[in-house]
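Visitor:
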Amino acid sequence: MSKKNKNIKKRVTFSDDTTITTHQTHKKKDLDYDRPPVYMRKTITTIPIHLLALLYYYIKISDNYDTLKLLFTLIPLQIAYLIFQFNKSTIYGNKRLKTNIPLLLITIGGSVALSVPAMIIIILFGAPFVEHIFQTWLLALHASFLAYPALYSVFNCDFKVGLWKKYFIAIIIGGWISCVVIPLDWDRDWQVWPIPVVVGIYLGAFVGYSITAYI
Amino acid sequence: MLKSLVVPLLLQLVGVFVFLSGFFPQKNVLSGDAGFTIDASLQEKSKHAFNKLVFVVIDALRSDFLYSEENSGFTFVHSKINSGEAWGYTAYSNPPTVTLPRLKGITTGSTPNFLDAILNVAEDDSSSNIKEQDSWPNQFHKNGFKMRFFGDDTWLKLLPNEIFDEYEGTNSFFVSDFEQVDLNVTRHIPNQLSHANEWDVLILHYLGLDHIGHKGGASSTFMPAKHSEMDQVIENLYKNMKDDTLMIVMGDHGMNDVGNHGGSSASETSAGLVFLSKKLSKYQKPNAQNDVRVPMTLDDPSSFQYLTSIQQMDLVPTISSLFNVPVPKNSVGVLIPDFIQLLNNDKLANIKIMENYRQLLDVAKLEDLDNILNEFERSPKKLDQEYAISKMKDIQETLIRNATDYNYDNIFIGYCVLVVATLVAIICAIYVMHFSYPFIGTMSISILLGLSCFGSSFIEEEHQLWWWIITGSIALGYIHSAISGKTKFKLYFVLFVCLRLIRGWNNTGQQTAYSYVIANLLKSNPTILWALNIWAVFILCMRDFKGNPTSFISSFTLGMMVLTYKMNWSIINKEQVPEYLIEIVRKYCEIYTGTHDDQVFDDALIPMATLFFQSLSSICFIKLLAVVFRMQKTDTLLNDMSKYITLLLIFLSSSNNIPQFLIFEVLRFCIIKIVQEAGDSKVYIVSLISLCLQNFTFFQFGGTNSIATIDLANAYHGISENYNIYMVGWLMAMANFAPSIYWAIFPWTTIYKDTRNKKELFVKCKLPILLFNCIVGCCLFAACIALRYHLFIWSVFSPKLCYYAGWTVFMNVIVGCIVEGILLILV
Chain G
1 MSKKNKNIKK RVTFSDDTTI TTHQTHKKKD LDYDRPPVYM RKTITTIPIH LLALLYYYIK
61 ISDNYDTLKL LFTLIPLQIA YLIFQFNKST IYGNKRLKTN IPLLLITIGG SVALSVPAMI
121 IIILFGAPFV EHIFQTWLLA LHASFLAYPA LYSVFNCDFK VGLWKKYFIA IIIGGWISCV
181 VIPLDWDRDW QVWPIPVVVG IYLGAFVGYS ITAYI
Chain Y
1 MLKSLVVPLL LQLVGVFVFL SGFFPQKNVL SGDAGFTIDA SLQEKSKHAF NKLVFVVIDA
61 LRSDFLYSEE NSGFTFVHSK INSGEAWGYT AYSNPPTVTL PRLKGITTGS TPNFLDAILN
121 VAEDDSSSNI KEQDSWPNQF HKNGFKMRFF GDDTWLKLLP NEIFDEYEGT NSFFVSDFEQ
181 VDLNVTRHIP NQLSHANEWD VLILHYLGLD HIGHKGGASS TFMPAKHSEM DQVIENLYKN
241 MKDDTLMIVM GDHGMNDVGN HGGSSASETS AGLVFLSKKL SKYQKPNAQN DVRVPMTLDD
301 PSSFQYLTSI QQMDLVPTIS SLFNVPVPKN SVGVLIPDFI QLLNNDKLAN IKIMENYRQL
361 LDVAKLEDLD NILNEFERSP KKLDQEYAIS KMKDIQETLI RNATDYNYDN IFIGYCVLVV
421 ATLVAIICAI YVMHFSYPFI GTMSISILLG LSCFGSSFIE EEHQLWWWII TGSIALGYIH
481 SAISGKTKFK LYFVLFVCLR LIRGWNNTGQ QTAYSYVIAN LLKSNPTILW ALNIWAVFIL
541 CMRDFKGNPT SFISSFTLGM MVLTYKMNWS IINKEQVPEY LIEIVRKYCE IYTGTHDDQV
601 FDDALIPMAT LFFQSLSSIC FIKLLAVVFR MQKTDTLLND MSKYITLLLI FLSSSNNIPQ
661 FLIFEVLRFC IIKIVQEAGD SKVYIVSLIS LCLQNFTFFQ FGGTNSIATI DLANAYHGIS
721 ENYNIYMVGW LMAMANFAPS IYWAIFPWTT IYKDTRNKKE LFVKCKLPIL LFNCIVGCCL
781 FAACIALRYH LFIWSVFSPK LCYYAGWTVF MNVIVGCIVE GILLILV
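Just so you know, the sequences run in chain order G and Y. Numbering-wise (the UniProt record's numbering), the first sequence opens with residue 1 and increments by one. Numbering-wise (the UniProt record's numbering), the second sequence opens with residue 1 and increments by one.
#1: Rounded to a whole number of angstroms, what is the C-alpha to C-alpha distance between D59(Y) and L499(Y)?
#2: Could you give the uninterrupted runs of the beta strand (DSSP E) lying entirely in the stretch 655-696 of chain Y, keeping only those of 3 residues or more?
#3: I need the boundaries of the beta strand (DSSP E) containing F275(Y), first residue and last residue.
#4: If you follow the beta strand (DSSP E) that residue 839(Y) is part of, which residue opens it and which one closes it?
#5: Just tell me which of V683(Y), C620(Y), S687(Y) and I741(Y) has its CA closest to the CA of F699(Y).
#6: When burial is assigned at 16 or more other CB atoms within 10 Å of the CB, is W569(Y) buried or exposed?
#7: Given a cut-off of 7 Å, decide if L761(Y) and V675(Y) are closer than it, judged by their beta-carbon atoms.
#8: Take I75(G) as the anchor and find which of L141(G), T99(G), V199(G) and S62(G) has the nearest alpha-carbon.
#9: Which of the residues in the stretch 655-679 of chain Y, read from start to end, lie with their CB under 7 Å from any CB of chain G?
#10: Answer with yes or no whether the minimum CB distance from residue 829(Y) to chain G is below 7 Å.
#11: Indicate the three-state DSSP secondary structure (helix, strand or coil) for A738(Y) in the structure shown.
#12: Considering only C-alpha positions, which residue in the set F74(Y), D603(Y), S653(Y) and V517(Y) is nearest to K566(Y)?
#13: Rounded to the nearest angstrom, how far is the Cβ of P137(Y) from that of P112(Y), given a contact under 8 Å?
#14: If I'm right that A143(G) touches Y167(G) with Cβ under 8 Å, what's the distance once you round it to whole angstroms?
#15: Taking the alpha-carbon positions, what's the F661(Y) to I502(Y) distance?
#16: If we define contact as Cβ-Cβ less than 7 Å, is S457(Y) a contact residue for chain G?
#17: How many Å lie between I59(G) and A421(Y) at the Cα?
#18: Can you pull the chain G neighbours of A475(Y), defined as C-beta to C-beta under 9 Å?
#19: Secondary structure at D30(G), three-state DSSP: helix, strand or coil?
#20: List the residues of chain Y whose Cβ lies closer than 8 Å to the Cβ of F129(G), in chain order.
#21: How big is the Cα-Cα spacing for P549(Y) and E131(G)?
#22: Answer yes if the stretch 269-285 of chain Y comes into contact with the stretch 234-246 of chain Y, meaning at least three C-beta pairs across the two stretches below 8 Å, and no otherwise.
#23: Does DSSP put S41(Y) in a helix, a strand or coil?
#24: Output, in chain order, the set of chain G residues within a Cβ distance shorter than 8 Å of I469(Y).
#25: Using only the alpha-carbon positions, how far apart do L418(Y) and T512(Y) sit?
#26: Is it the case that the Cβ atoms of K142(Y) and D165(Y) are separated by a distance below 7 Å?
#27: Does DSSP classify Y92(Y) as helix, strand or coil?
#28: Are any of the Cβ atoms in chain G nearer than 7 Å to that of D124(Y)?
#29: So within the stretch 137-177 of chain Y, which uninterrupted beta strand (DSSP E) runs reach at least 3 residues, ignoring any that extend past its ends?
#30: Counting only runs of 4+ residues fully inside the stretch 47-77 of chain Y, write out the alpha helix (DSSP H) ranges in chain order.
#31: Just confirm the distance between the C-beta atoms of L203(G) and G174(G), as a whole number of angstroms; I'd bet it's less than 8 Å.
#32: Residues in the same chain with beta-carbon distance under 6 Å from K329(Y), minus the five sequence neighbours each way, listed in chain order, please.
#33: What three-state label does DSSP hand I572(Y) in the structure shown?
#34: With 7 Å set as the bound, which would you pick, yes or no: does the beta-carbon of D185(G) sit closer than that to a beta-carbon of chain Y?
#35: Would you verify that the beta carbon of E461(Y) is, or is not, closer than 7 Å to some beta carbon of chain G?
#36: What residue from K157(Y), H195(Y) and D153(Y) has the CA that sits closest to N184(Y)'s CA?
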C-alpha cells in the first residue's frame, strides 16, 4: 500500500497499481497527471459479439466440434475485433491509437509463441501430459489468440501497463470453471478433451472483454 | 474455548453412529432349513436329474474370459459349448462384487448385505458367516450327499466345516502368487478322480486368475497361460466324468480392466457361468446358443452380455431342483427355464416351479395375488410355466431392489443430531473465526463438496473436485501475493509443479485409466524408483536435523530399516528391483536369519518388520520419557514425532508411492515459506491447506470412494499367518490413509511454535476441519436418504458413506484430535 501512495505522489504514471485502482473515475476530457495514462472506454462497443457467434458455430454448426477449424476462424475475427472495436476503445495518453499494422503481424507471432507458456499453464492445471498433447496445444493456441487484443495492447503500451493482466486472468478463470463438467458421467460427445474448456475460455474471454473496463 | 470444539465433535460422532446403524441394519433372514412343501412324498421318491456335481469356481472369471474371441483361452469349453454338451450363460453378480458377499449369494441365493463387503476385509469376523443360514451345500449335506472342498478358505469361514468329508483351504495371503495358490487346489484332483465313488459333490475354488487381475489387469501377459491352465483342469475333470455328472464352471464376479472389483460396472458384475455334462447334448440347448459359435465377438464388447443373461442367484434353485433338494430358504433365485426339460416329467417340473414360487413369496412376505398356487392345486397339470416364471422374475426384481430394510427411526435421529452438530459448529466457528476470509473459504469448500454428494459421478471422481479447488486456490494465492506486491513466482511455480506431479502419479477415480502415469513408468524403471525411494527417506531424515543429533541418528536408523524392509517386500512380491540392491538385501537377510538358501528373503520378512515396529515404539517411548522428565527441550518433540510417524507411513506405503513423500517434503518447504507472512490467519490457512492436501493426496495414492481400491496388501506388514484382526485393522487404516496422515500432522510443526497458547491454536486449527466434516456429512446423509432407492445406492453412495465414517472417526477424531491432543498435553 505504501508503495502505491508513494507512486502517486511521485506521479510515476505508468505504474500497474494506479491503472488498476484509479482509472474508474476517469473523465476523458482532460488528462492530468492523476488520470491513468491507459484505460478502456466504458462502452458497449468492446463487447466481442463474434466470440458468441463462434461458439454458436462451434457447438451447433460445426461438424463434431472441429476445434482446428474454429481456430482458423477465430484468428481473422480477433484481428478485425482488435482493429474495429478494441483498439478504438483503448485510450492511451488521452487519445485513441492508430492501428499499427506491423505490430498486428508481430502479435500474431507473439500469440503463437504465447501458446507455449499457455500450454505449460494448462498442463500444470491438470491437462494430460502425454496423451492428447496436440489437443492441448490447440487449446493453448485458442487461449492465446483469445488474448490477442490484450497481447497487442501490451506490446503497444510498451509492456508497462498492468491493466491487460485482467484479460488473461478472465480467460484462465473461464477455463478453470468449465472443468467442472469433465467428471460428469453423462457420456456426451462434448465432454471430450478439450471441448468444454474451449467453450469455457471463450465465455471467459467474452465476459472479460465486455466488463473489464468497469472493474 | 475448548468447549466450542468438543461439543460439536461429540455431537457429530453420535449423529454419524446412529445414522449408520439405521442405514446399514443387520439383515433379517429367515432362519431354519427349508423342506419340501408341495407333494413332499412324490418329490422325495423321484430320481435326481444328475447324481454327481463338480463345482468349479474360478475367482473373477469375467464373461468374456469364457466366450470372447479376443480374450478367451478356454478352447475346450468352447468346443463343448459348440457341440451342445455345455450351456453357457452370463451371470449378473450383484454388487458388492467381492468374494465373500458373492459366495454368500452363490450358496444361499440371497442378495448380499452391504456390510458384508466391509466384513470381507475382516475375514475373521464371525457375524458374516452363514452357518445359521440355509444354503445349497447345507441342503446337500442334509440329504446325504458327500461333499469335498478344495480352494479359497473363504468357503470354510462361511460354511460349517463338518459338512465336508474332506477339505483343504488356500488363502490369498500374497496377491503376487499366481501359481502355487492354484497348484495347491489342482494337486488334489487326481486322487479325487480315482476315488470318485467316495464323493458326490466336489467343490473347487481357484484364486490365481483374480490375483493376476489385481496385479496386472484384465489383459495381463499372464492371463492366456492361466486360461489354458484352467481349461486343462476343466478338460481333465470332464473327461473323467460319467454321464450323470454335472459340472458347473463359474466366476464369482468379474473385474474391471485394471483388475479391481467391488463396484457395479458391467465388467465387474458380468461373471461367466457354464454347465457341462454329456447328458446336456440330449436336450434342446438355450436359444441364445442356437446360431452362435463360441468364441464370439459382441457388437458392444463393453456390455459383456454373452449368450443368455441370468442372475447369479438363479443357480441356487436350479441346482437344488436338479439334485432334488429343497430350495434354500432365503434364496431369491428363479429356476433357469432351460433346465426345466431335464426334470424327469412334467408333473415334477411343475411341482419344482411351484416350490420355487412359493419359496420366493415367503422371502418377499407377499400373498399369492395372482392365485397361481391355488390354481395349481386345483389342476396340477395345467400350469402355464412361462407365466409362472415371468411372475417369479417380477418378485425377484422387487426383492433385489429392496435388499435392505432401513431403520428409519435411527436414520432420522442420527440426521437430526448431525444437523444440530453442524449448527453448533457453524456458530462456534463464527464466534472464533468471525466472518474472515478463512471462514468464507472453509464454508465455500464445504458447501461445494457437500453439493457434489448429490451427484454419483462427482462422488466417483471426487479427486477432480479437490484438484479443481487446489488449482483455484493456488491461482488465487498467487494473484493475491502479486497484488500485494510480493511476487513469489518461483515458490508458486515449484508448488504447482509438485502438485501436478502428484496428480500424475496414479490412476484414481472410477472412470478413466491412463497408461502413462508416473507410478507405471517407475515400475518399469526400478533403478530410478529405488534411487527416489532412498532419497525420500534420506531427505526426510535430514529435515531440521541441525542441533539435534539424537533425532537424526534415530530417524536415520529407522529409515534404513524401512528401506531394507521395503526392498525385501518388493523382491518377494516379484516386483523389479535393481540387481545390486537384491544382493545387499540378501546379505542383510542372511545376517538376519543365519541361513543361506533361497528362502532367506521370506524368512527374514516378518522378523524385519517386527524389529522395525519394536524400534519405532521404543524410540517414541524414550522420547516421550525424556520430555516428561525434562531431559530434552519440549519443542523438538512434535518435530521428531512427525518424522517417526512419516517413516511409519513410508513403511506402510507401496514402493512406487514412496517417492511421493519426497515431493511432499518439497511441497511442505514451499508451503511453510508461503504461509510465513500470513499473520493472524496463518493457523486457519495451514488448517485449510492441510484439509485440502489430506483429501487430494489420499486420492492420488490410488484411493477412491469405492470399496474396490481398499489396499489390503499393505495391511499385513509384519503380520504372521495367525494374526490379530485388530492389528490388521489398524495397519489397514493407516496404510490407506498414509498420505492423509502426513498432511494431518503437517500443522504440528508449523503452527505450534509458540507453546503458550497451544490450546487456543489447537481449537483454531481443528475448527475448519470439523466444520467441513459436519457440512459435508449433512449433505451426504441427505443425499443417501433422498436417493435410498436409487440404482447407485449400494455401489456409489454407501461406499462413500463408509469412507466418510472412516475420515470422521479415524482421521479427524483419532489422528486429528486424540493423538495430537495427547502430544500437546505432554509438550
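The C-beta atom is built at its ideal place from N, Cα and C for all residues, glycine as well. As the structure is a prediction and not an experimental result, all values here were calculated from the model.
Guide: Let's see:
#1: Rounded to whole angstroms, D59(Y) to L499(Y) spans 38 Å at the Cα level.
#2: The stretch 655-696 of chain Y is shown to contain no whole beta strand (DSSP E) run of 3 or more residues.
#3: DSSP places F275(Y) in the uninterrupted beta strand (DSSP E) bounded by S270 to L276.
#4: The structure shown does not extend to residue 839(Y), since chain Y spans only 1 to 827, so no value can be given for it.
#5: F699(Y) has its Cα closest to that of I741(Y), out of V683(Y), C620(Y), S687(Y) and I741(Y).
#6: Burial call: buried.
#7: No, Cβ-Cβ distance for V675(Y) and L761(Y) is not below 7 Å.
#8: Considering only alpha carbons, the answer is L141(G).
#9: Cβ contacts with chain G: none found.
#10: An answer regarding residue 829(Y) cannot be provided, because it is not within the stretch 1 to 827 covered by chain Y.
#11: Of the three classes helix, strand and coil, the one that applies to A738(Y) here is helix, per DSSP.
#12: It is S653(Y).
#13: In this structure P137(Y) is not in contact with P112(Y), their Cβ atoms being roughly 17 Å apart against a cut-off of 8 Å.
#14: That pair is no contact at about 11 Å.
#15: Approximately 10 Å, taken between the alpha carbons.
#16: With 7 Å as the cut-off, S457(Y) counts as an interface residue toward chain G.
#17: The straight-line gap separating the alpha-carbon atoms of I59(G) and A421(Y) is approximately 47 Å.
#18: Residues of chain G passing the Cβ test: F125, I169, I172, I173 and W176.
#19: Low confidence applies here, because D30(G) scores a pLDDT of 44, under 50, leaving its location unreliable and the question unanswered by this model.
#20: Residues of chain Y passing the Cβ test: G504 and Y516.
#21: When rounded, the distance between both Cα atoms is 47 Å.
#22: In short, these stretches touch, since the Cβ pair count reaches three.
#23: S41(Y): helix per DSSP, three-state reduction.
#24: What I469(Y) touches in chain G: nothing, since even the nearest Cβ is about 11 Å away.
#25: Approximately 34 Å, taken between the alpha carbons.
#26: No, these two residues do not count as a Cβ contact at 7 Å.
#27: In the structure shown, Y92(Y) adopts extended strand secondary structure according to DSSP, grouped into three states.
#28: At D124(Y) the pLDDT is 48, less than 50, meaning the model places this residue with poor confidence and gives no usable figure here.
#29: If you keep only unbroken beta strand (DSSP E) runs of at least 3 residues inside the stretch 137-177 of chain Y, you get 147-152 and 164-170.
#30: List check, alpha helix (DSSP H) in window: 63-67.
#31: The Cβ separation is near 5 Å, so the contact holds.
#32: For K329(Y), where only same-chain residues beyond five positions count, the Cβ hits under 6 Å are L30, A34 and D134.
#33: Here I572(Y) sits in helix by DSSP.
#34: It does; some Cβ of chain Y falls within 7 Å.
#35: Interface residue, yes.
#36: Answer by Cα proximity: D153(Y).
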